[in-house]
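**Student:** Let me give you the structure first, and then I'll get to my questions.
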Amino acid sequence: MTERNTYQDRKGTKVEPYRIKVVEPIPVTTREQREQALRRVHYNLFGLRADEVTVDLLTDSGTGALSAAQWAAGFAGDESYAGSRSFHRFRDVVRDLTSYPCVLPVHQGRAAERILFSSLLAPGQITLGNTHFDTTRANVELIGCRAVDLPCAEARDLDSDERFKGNIDLRRLEEALRGPDARRIGLVVMTLTSNGGAGQPVSMDNLARAAALCRGHGVPLFLDAARFAENAWLVTRHEAAYRDMSPRQVAERAFRLADGCLMSAKKDGIAHIGGFLGLRDPALAERCELLLIATEGFPTYGGLAGRDLEMVAQGLVEVTDPRYLRSRAETARHLARLVRDAGVDIVEPPGLHALYLNAGRLLPHIAAHRFPGHALACQLYLEGGIRSVELGSLYLGEEDENGEPVTAAPCELVRLALPRRTYGLSHLNHVGETLAAVAKARERIPGYRLVERPALLRHFRCKLEPVPWTGP
Ligand code: F0G
Numbered sequence: 001m002t003e004r005n006t007y008q009d010r011k012g013t014k015v016e017p018y019r020i021k022v023v024e025p026i027p028v029t030t031r032e033q034r035e036q037a038l039r040r041v042h043y044n045l046f047g048l049r050a051d052e053v054t055v056d057l058l059t060d061s062g063t064g065a066l067s068a069a070q071w072a073a074g075f076a077g078d079e080s081y082a083g084s085r086s087f088h089r090f091r092d093v094v095r096d097l098t099s100y101p102c103v104l105p106v107h108q109g110r111a112a113e114r115i116l117f118s119s120l121l122a123p124g125q126i127t128l129g130n131t132h133f134d135t136t137r138a139n140v141e142l143i144g145c146r147a148v149d150l151p152c153a154e155a156r157d158l159d160s161d162e163r164f165k166g167n168i169d170l171r172r173l174e175e176a177l178r179g180p181d182a183r184r185i186g187l188v189v190m191t192l193t194s195n196g197g198a199g200q201p202v203s204m205d206n207l208a209r210a211a212a213l214c215r216g217h218g219v220p221l222f223l224d225a226a227r228f229a230e231n232a233w234l235v236t237r238h239e240a241a242y243r244d245m246s247p248r249q250v251a252e253r254a255f256r257l258a259d260g261c262l263m264s265a266k267k268d269g270i271a272h273i274g275g276f277l278g279l280r281d282p283a284l285a286e287r288c289e290l291l292l293i294a295t296e297g298f299p300t301y302g303g304l305a306g307r308d309l310e311m312v313a314q315g316l317v318e319v320t321d322p323r324y325l326r327s328r329a330e331t332a333r334h335l336a337r338l339v340r341d342a343g344v345d346i347v348e349p350p351g352l353h354a355l356y357l358n359a360g361r362l363l364p365h366i367a368a369h370r371f372p373g374h375a376l377a378c379q380l381y382l383e384g385g386i387r388s389v390e391l392g393s394l395y396l397g398e399e400d401e402n403g404e405p406v407t408a409a410p411c412e413l414v415r416l417a418l419p420r421r422t423y424g425l426s427h428l429n430h431v432g433e434t435l436a437a438v439a440k441a442r443e444r445i446p447g448y449r450l451v452e453r454p455a456l457l458r459h460f461r462c463k464l465e466p467v468p469w470t471g472p
């Protein structure tokens, strides 16, 4: 049977292509315990102990379940400081997938960002992207450069069914590459799928055109490939020219369009830790390698154990399995149906790694500076022990010292991230039921005010308190 048959002809099959061999108990708490826990952490869900959370949808990063083959590979890990056998397997797997000759392992994606940007950019330069993820932006800014997002116009409509809302705006990219600041543009980064853009995918057509523009202007193009396999799956589903290809073939083509990639293997490496930098240019790789040795580790381990290298290598092979990707897409669609049935809008269409709830629309009585997304996230925890993350004005907005709003986020969202192979349909049904109960009593959900706000990355460490509900 060809690979095509295994994923094209089994449309009716919705079973997960794996079964459970190892289980981990999850806590079930009372409402009183959850109320106490929330008070203790000053209404910041990042402060909770994980054993106070029943279904943890905070992130899909490093939270996946390893396969038996990954654990077995881990046991075979070679922990030699230099020249480890595990590094060679890792490098071969990455080279085979990406075609990049230079492969530098790192402990996670943001280390790859720091090393690449420090080696390639000079202060005052500009990076362009479909939408930089927040650590990517932070690492650009930390070296005195500016990160500019150029999402396509379709991304602005949260409700439309457009398939590739993760695309870059090609017209604005070309204008920037020809414009007065063109000489300051140090690189372009395309994030597949666009996590900062509600998990929406990038089409191969868009990527190829962006690559041609970059080549034409002599600007290097990098992929932030954290979710490359999920992007490839959506391409095979929705981009006509790629319908007969396997996700693996699409992924290989995507990597070949770029000069290199930044990879967090905690997502589509289905590993608990790890990442890499893949590069075509040996001179750039040499500069990166020096920084790697100084800050991560010798180039044959880069901050990882031999067993981690093995587990990532095996994960990279498993992640493009069409049966796995089909089941992951089905999981997201199932949850999307439950959420819509609960009367809650999501950013359409649902991607694979997360659903983004439109909290602003659900809670119109809560002003942006009272954080409707945060209010919904707290309520999901109180009602059902579910942890999610706000992506709205708590994350992106600004207030003055008196708490008066200065800027609000463009939309007030809550992300329900889906760890890989971790939760089953009953867990998702619980999320759906909880959300339905929350939505039913939406008018009573209080807003929040900040009582302590760190200057940087405030959503991780800030303290809040509910603003009592005073009725309509
Ligand atoms: N790029 C993207 C698109 C990401 O989503 C992340 C992490 C990174 C880079 C950084 O990688 O965590 O391995 O250092 N995203 C996580 C999330 C944190 O929850 O979405 P990292």
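Residue numbers for the sequence shown follow this note's numbering, beginning at 1 and rising by one. The beta carbon of each residue, even a glycine, is placed where N, CA and C say it ideally should be.
1) If I measure Cβ to Cβ from residue 453 and keep anything under 7 Å in the same chain, skipping five residues before and after, which residues do I get?
2) Here's a check: name, in chain order, each residue in its chain whose Cβ is nearer than 8 Å to the Cβ of residue 172, leaving out the five neighbours to either side.
3) Should residue 409 go down as buried or exposed, given a rule of 16 or more other Cβ atoms within 10 Å for buried?
4) How close, in whole Å, do the beta carbons of residue 55 and residue 431 come, if the pair is a contact with beta carbons under 8 Å?
5) I'd like to check one pair, residue 261 with residue 223: are the Cβ atoms closer than 8 Å?
6) Any heavy atom of the ligand F0G closer than 7 Å to the beta-carbon of residue 195?
7) Which of the three DSSP states is assigned to residue 261 in this structure?
8) Considering only their Cβ atoms, is the gap separating residue 407 from residue 401 smaller than 8 Å?
9) In the DSSP output, what is residue 102 paired with across the bridge?
10) Got a sec? Which residues, its chain only, sit under 6 Å from residue 125 by beta carbon, not counting five neighbours each side?
11) Could you check which residue in 211, 159, 142 and 63 has the C-alpha nearest to that of residue 361?
12) Taking 7 Å as the line, does the beta carbon of residue 388 fall inside it for any heavy atom of the ligand F0G?
13) What residue from 99, 44, 92 and 71 has the CA that sits closest to residue 253's CA?
14) CA-CA distance, residue 337 and residue 377?
15) Can you tell me whether residue 222 is helix, strand or coil according to DSSP?
16) Which word fits residue 28, buried or exposed, when buried means at least 16 other C-beta atoms lie within 10 angstroms of its C-beta?
17) Near residue 1, which residues of its chain fall below 8 Å by C-beta distance, leaving aside the five closest residues on each side in sequence?
18) So residue 190 is in the beta strand (DSSP E); what residue range does that whole segment cover?
19) Is the Cβ-Cβ distance between residue 193 and residue 200 less than 8 Å?
20) Buried or exposed, going by whether 16 or more other CB atoms sit within 10 Å of the CB of residue 426?
21) What first and last residue would you give for the alpha helix (DSSP H) that runs through residue 322?
22) Kindly indicate which three-state DSSP category residue 460 falls into: helix, strand or coil?
23) Using a 10 Å radius around the Cβ and a threshold of 16 neighbouring Cβ atoms, would you call residue 108 buried or exposed?
24) Would the C-beta of residue 133 count as close to the ligand F0G, meaning under 7 Å from any of its heavy atoms?
25) Is the stretch 219–235 touching the stretch 347–361, taking contact as three or more C-beta pairs under 8 Å?
26) Helix or strand or just coil, what does DSSP make of residue 69?
27) Any idea which residues DSSP pairs residue 148 with across the strands?
28) Any heavy atom of the ligand F0G closer than 7 Å to the CB of residue 146?
29) According to DSSP, which residues form a beta bridge with residue 38?
30) What's the call for residue 81, buried or exposed, on a 16-neighbour Cβ count within 10 Å?
31) Given residue 34, which residues of its chain have a CB within under 8 Å of its CB, disregarding the five upstream and five downstream residues?
32) Determine the burial state of residue 156: buried for a count of at least 16 other Cβ atoms within 10 Å of its Cβ, exposed for fewer.
33) For residue 200, name the three-state secondary structure that DSSP assigns.
**Tutor:** Per the coordinate set shown:
1) 462
2) 150
3) buried
4) 6 Å
5) yes
6) yes
7) strand
8) no
9) 279
10) 145, 184 and 186
11) 159
12) no
13) 99
14) 19 Å
15) strand
16) exposed
17) With a pLDDT of 37 at residue 1, under the threshold of 50, the modelled position of that residue is not reliable, and the figure given next carries that caveat. The answer is none, since no qualifying residue turns up.
18) 185–191
19) yes
20) exposed
21) 322–341
22) helix
23) buried
24) yes
25) yes
26) helix
27) 128
28) no
29) Its beta-bridge partners do not exist; DSSP assigns none.
30) exposed
31) 52, 381, 382 and 385
32) exposed
33) strand
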